[in-house]
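**Student:** This structure is in structure tokens; I'll ask about it shortly.
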Amino acid sequence: MNTALQSEIEVSARQGIPKRRRWLSKLKKDKWLYILLVPGLLYFLVFKYLPMWGVLIAFQNYQPFLGFWNSEWVGFEHFRNFFANPDFFRLLRNTLILAIYDLVFFFPAPIILALLLNEVRLAYFKRIVQTLVYVPHFVSMVIVASMTYVFLTTSGGIINELVAAVTGQSINFLADTDWFRPMIILQMMWKDSGWGTIIFLAALASVDMEQYEAAVVDGASRFQRLIYITIPAISSTIVILLILRLGSFLDNGFEQIFLMTNSLNRSVADVFDTYVYFVGITQGAFSYSTAIGLFKSVVGILLIYGSNRLAKRFGQEGIF
Amino acid sequence: MNSSKHDSIGEKLFDGLNYLFLGLLALVTVLPFIYIIAGSFATEVELMEREFFIFPRDPSFSAYQYIFSTDTVSRSMINSVIITIAGTIANLAFTFTMAYALSRKDLMGRNVIMNLVVFSMLFSGGMIPGYLVVKELGLLDTYAAVILPGAISAFNMIIIKNFFQELPPGLEESARIDGCTDLGVLWRIVLPLSKPIIATFGLFYAVGHWNNFFSALLFLNDHMKWPLQVILREIVMLSQMAAGDMGAMDPNFVEPPDQSVKMAVIVVGTLPILLVYPFLQKHFAKGVLLGSIKG
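Just so you know, the protein sequences line up as chains W and B, in that order. For the first sequence, the positions run 1 to 320 when full-length UniProt numbering is used. For the second sequence, the positions run 1 to 295 when full-length UniProt numbering is used.
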């Protein structure tokens with residue numbers, strides 16, 4: 001097919017057929033492919049690129065009844081208002097603290113779990129554990145949050161009964177501001193640390209067994225094999241996932257935080273994502289909330305470029 | 001990979017602790033599900049008396065009878081099923097057609113479109129502009145609002161495109177010599193070869209639709225169209241039946257068995273996922289591996 005096309009082009013070039021005709025003949029030759037492309041292309045233009053254009057309402061006083069074209073332009077007013085708003089620092093603080101907790105406690109969990117699973121020699125035991133720890137990934141956040149509510153409620157939740165049996169009094173985990181962040185991180189670990197091991201286990205499976213055998217012959221201990229063979233084998237995967245994680249550093253997982261937020265823990269629970277929802281959708285401040293979202297997206301894109309360059313400087317392969 | 005004969009005591013100790021830890025971890029993963037399922041069949045009295053149990057003393061279906069005594073839950077299940085089926089079909093149609101067209105390296109404009117796709121993975125307009133687009137299209141309160149904005153996962157599309165590129169080119173060429181158009185090649189040659197990958201991505205998309213909460217929250221104000229996940233949150237977390245007080249009109253109304261009802265609704269929301277899990281498990285290692293090839 002390629003050669004057919006090439007010879008066609010060569011023939012037309014030799015015959016001095018104008019460029020435009022070639023262009024048209026290519027379009028005609030691939031007409032079915034272009035027809036197949038239409039739905040997907042429309043999807044990206046309407047649902048991805050139209051909203052990117054729509055981001056411009058961050059610089060307007062967007063009024064739904066005036067529409068995009070007739071709304072008044074206000075420049076950076078919403079950004080100035082947002083940075084001057086005391087909410088800004090609260091949101092920034094909450095978002096950053098959760099993101100740091102995520103990076104410190106959640107990010108390493110799948111790596112450690114994968115390394116532990118890799119040390120298991122009983123194949124069936126490994127398979128059973130893997131099968132079970134992957135399950136929560138497929139369960140919705142609503143289910144996870146609902147189970148958390150059922151287990152942690154002070155009126156008969158099993159975990160609180162346990163706590164009460166040991167310490168003599170129950171803890172109101174769901175409303176306590178000190179417990180909000182640990183609760184979020186524990187939910188994340190329960191739901192996704194098993195799933196996160198897959199990519200590392202795949203990287204480990206591709207390690208040449210001869211390396212281990214040679215290390216054994218050289219008298220390397222199991223710990224040394226871990227440090228000098230196993231961990232280097234997954235280091236590039238770790239770096240790639242770290243870059244991706246840093247790129248979405250300010251995304252705290254809207255659904256989870258939204259579901260776990262209530263009027264009592266709001267002071268620590270509000271993050272950029274949920275604030276955009278409450279201010280934008282619930283209160284209808286479209287332009288103001290779009291400005292907040294845009295601020296977050298721009299920081300995110302800077303972070304992903306920054307971490308990618310940093311990774312390259314340290315001699316790792318980046319993602320682009 | 002290791003020879004177990006020469007293990008030192010330290011290594012044996014490590015192995016023992018490792019097995020113990022992983023075993024406990026697996027237990028922590030499944031126990032919540034088991035407890036919820038058991039609790040959904042228990043009576044409220046038993047839940048009050050015995051906090052810790054796996055098998056209810058006298059199993060009862062009262063919690064399930066209660067949640068299906070009005071059509072709030074069953075209606076939301078029907079909504080979820082409609083959204084899941086229609087949404088998955090839309091996902092597959094949109095994703096596979098685009099992936100096939102882009103898998104052809106000689107396609108004019110391919111690089112421009114690929115760049116558009118990749119850029120959309122890095123930067124998005126955000127929640128509010130996305131909401132306004134759906135609103136301006138007049139899709140609010142329609143099933144399409146929770147289906148179309150997520151019709152293609154750029155990541156999945158790229159994986160499928162790469163899969164198509166690796167198919168042996170000879171097959172397509174011989175079909176073309178036999179007079180097939182590109183459409184015919186896709187339908188008769190490529191798709192039959194892609195059955196496993198269609199099943200994989202179909203399952204993943206379907207699970208995503210069944211679990212979707214956010215789009216429904218954002219785009220559906222009409223209670224009659226709410227999927228199960230939204231109703232689940234209403235019942236368990238906001239502790240109220242969405243369609244008002246369900247017992248008030250019913251003379252046979254019995255006081256709701258509070259905790260066990262919540263557990264029963266959670267079971268109803270989780271069960272479909274647990275049922276397809278064996279099929280998912282068969283496919284996902286493959287899917288994730290395909291993804292990591294991308295590079």
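Glycine is no exception: its CB is placed at the ideal position from the N, C-alpha and C atoms.
Are the beta-carbon atoms of Leu303 (chain W) and Gly253 (chain W) separated by less than 9 Å?
**Tutor:** The answer is no: Cβ separation not under 9 Å.
**Student:** Could you check how far apart the C-beta atoms of Ser287 (chain W) and Tyr62 (chain W) are, in whole angstroms? I think they sit under 8 Å.
**Tutor:** With a Cβ gap of about 4 Å, Ser287 (chain W) and Tyr62 (chain W) count as contacting.
**Student:** Hey, how far is the Cα of Phe295 (chain W) from the Cα of Ile9 (chain B)?
**Tutor:** Each residue's alpha carbon lies about 56 Å from the other.
**Student:** Which residue wins for smallest C-alpha separation from Thr29 (chain B), given the options W:Ile257, W:His137, W:Leu91, W:Ile234?
**Tutor:** Of W:Ile257, W:His137, W:Leu91, W:Ile234, the residue nearest in Cα terms is W:His137.
**Student:** Would you mind sorting Asn91 (chain B) into buried or exposed? The rule is 16 or more other CB atoms within 10 Å of its CB.
**Tutor:** By the neighbour-count rule (16 or more Cβ atoms within 10 Å), Asn91 (chain B) is buried.
**Student:** Assuming Ser60 (chain B) is part of the alpha helix (DSSP H), what are its boundary residues?
**Tutor:** Looking at the DSSP string, Ser60 (chain B) is not in any alpha helix (DSSP H), and its letter there is neither H nor E.
**Student:** Does Trp187 (chain B) come out as helix, strand or coil in the three-state DSSP assignment?
**Tutor:** Residue state, collapsed to three classes: helix.
**Student:** Does DSSP put Trp73 (chain W) in a helix, a strand or coil?
**Tutor:** Reduced to three states, the DSSP call for Trp73 (chain W) is strand.
**Student:** Using the Cα positions of Ile231 (chain W) and Tyr101 (chain W), report the straight-line distance between them to the nearest angstrom.
**Tutor:** When rounded, the distance between both Cα atoms is 23 Å.
**Student:** Assess contact between the stretch 194-207 of chain W and the stretch 110-128 of chain W, defined as three or more Cβ pairs (one per stretch) separated by less than 8 Å. Is contact present?
**Tutor:** Counting Cβ pairs under 8 Å, three or more are found: they touch.
**Student:** Hey, would you say residue 299 (chain B) sits closer than 9 Å to Asp141 (chain B), going by beta carbons?
**Tutor:** Because residue 299 (chain B) is not part of the residues shown, which for chain B are 1 to 295, the question remains open.
**Student:** Helix or strand or just coil, what does DSSP make of Gln187 (chain W)?
**Tutor:** Note: Gln187 (chain W) maps to helix in three-state DSSP.
**Student:** Can you tell which of B:Glu49, B:Lys282, B:Ala264, B:Pro278 has its C-alpha closest to the C-alpha of Gln65 (chain B)?
**Tutor:** Out of B:Glu49, B:Lys282, B:Ala264, B:Pro278, B:Ala264 has the C-alpha closest to the C-alpha of Gln65 (chain B).
**Student:** Does Glu46 (chain B) have its Cβ less than 9 Å from a Cβ in chain W?
**Tutor:** Chain W contact via Cβ: absent.
**Student:** Specify whether the stretch 74-81 of chain B and the stretch 223-232 of chain B touch according to this definition: at least 3 beta carbon pairs, one from each stretch, less than 8 Å apart.
**Tutor:** At 8 Å Cβ cutoff, the stretches touch.
**Student:** Chain B beta carbons: is any one of them nearer than 9 Å to that of Thr177 (chain W)?
**Tutor:** No, Thr177 (chain W) lies away from the interface with chain B (no Cβ there is under 9 Å from its Cβ).
**Student:** Express the C-alpha separation of Phe278 (chain W) and Leu232 (chain B) in angstroms, rounding to a whole number.
**Tutor:** The alpha-carbon atoms of Leu232 (chain B) and Phe278 (chain W) are separated by roughly 21 Å.
**Student:** Determine the DSSP secondary structure at Gln60 (chain W), reduced to helix, strand or coil.
**Tutor:** Of the three classes helix, strand and coil, the one that applies to Gln60 (chain W) here is strand, per DSSP.
**Student:** Report yes if the CB atom of Leu242 (chain W) is closer than 9 Å to the CB atom of Phe107 (chain W), and no otherwise.
**Tutor:** Result yes, Cβ atoms of Leu242 (chain W) and Phe107 (chain W) sit closer than 9 Å.
**Student:** To which residues of the same chain is Phe203 (chain W) closer than 7 Å at the C-beta, ignoring the five residues directly before and after it?
**Tutor:** This sequence places Ala at residue 203 (chain W); Phe is not what is there. Closer than 7 Å at Cβ, skipping near neighbours: Ala233, Ile234, Thr237.
**Student:** Judging by CA-CA distance, which residue of B:Leu280, B:Gly126, B:Glu173, B:Pro168 is the nearest neighbour of Phe201 (chain B)?
**Tutor:** The option with the nearest alpha carbon to Phe201 (chain B) is B:Leu280.
**Student:** Verify whether the separation of the beta carbon atoms of Gly125 (chain B) and Pro64 (chain W) is less than 9 Å.
**Tutor:** Cβ distance not < 9 Å, so Gly125 (chain B) and Pro64 (chain W) don't count as in contact.
**Student:** Taking only the alpha-carbon atoms, compute the straight-line gap between Val146 (chain B) and Gln283 (chain W) and give it to the nearest angstrom.
**Tutor:** Their Cα atoms are separated by approximately 22 Å.
**Student:** Given a threshold of 16 other Cβ atoms within 10 Å of its Cβ, counted over all protein chains shown, does Thr84 (chain B) qualify as buried or as exposed?
**Tutor:** By the neighbour-count rule (16 or more Cβ atoms within 10 Å), Thr84 (chain B) is buried.
**Student:** Is there at least one Cβ from chain B nearer than 9 Å to Glu255 (chain W)'s Cβ?
**Tutor:** It does: the Cβ of Glu255 (chain W) has a partner Cβ on chain B nearer than 9 Å.
**Student:** Of all Cβ atoms in chain B, is any one closer than 9 Å to the Cβ of Ile57 (chain W)?
**Tutor:** For Ile57 (chain W), the answer is yes, since a Cβ of chain B falls inside 9 Å of its Cβ.
**Student:** Using 9 Å as the limit for Cβ to Cβ distance, is Leu218 (chain B) near chain W?
**Tutor:** It does; some Cβ of chain W falls within 9 Å.
**Student:** So which residues of chain W does Met237 (chain B) contact, with C-beta pairs closer than 8 Å?
**Tutor:** Simply Ala145, Ser146, Tyr149, Leu259.
**Student:** Could you tell me whether any Cβ in chain W is nearer than 9 Å to the Cβ of Asp178 (chain B)?
**Tutor:** Cβ-Cβ to chain W under 9 Å: no for Asp178 (chain B).
**Student:** Which residues mark the beginning and the end of the alpha helix (DSSP H) in which Pro86 (chain W) is found?
**Tutor:** Where Pro86 (chain W) is concerned, the enclosing alpha helix (DSSP H) stretches over 86-101.
**Student:** From what residue to what residue does the alpha helix (DSSP H) around Val144 (chain W) run?
**Tutor:** Taken as a continuous stretch (DSSP letters only), the alpha helix (DSSP H) holding Val144 (chain W) covers 141-152.
**Student:** If contact is defined by three or more beta carbon pairs under 8 Å, each pair taking one atom from either stretch, is the stretch 154-165 of chain B in contact with the stretch 93-110 of chain B?
**Tutor:** Touching, yes.
**Student:** Return yes when the Cβ of Lys262 (chain B) is within less than 9 Å of the Cβ of Val150 (chain W), no when it is not.
**Tutor:** Taking 9 Å as the Cβ cut-off, Val150 (chain W) and Lys262 (chain B) qualify as a contacting pair.
**Student:** What is the DSSP secondary structure of Met241 (chain B), counted as helix, strand or coil?
**Tutor:** Note that Met241 (chain B) scores 39 on pLDDT, short of 50, meaning its location in the model is unreliable and no value can be drawn from it.
**Student:** What three-state label does DSSP hand Val236 (chain B) in the structure shown?
**Tutor:** In this structure, Val236 (chain B) counts as helix in the three-state DSSP scheme.
**Student:** Count the other CB atoms within 10 Å of the CB of Glu46 (chain B); is the residue buried (16 or more) or exposed (fewer)?
**Tutor:** It is buried - the Cβ of Glu46 (chain B) has at least 16 other Cβ atoms within 10 Å.
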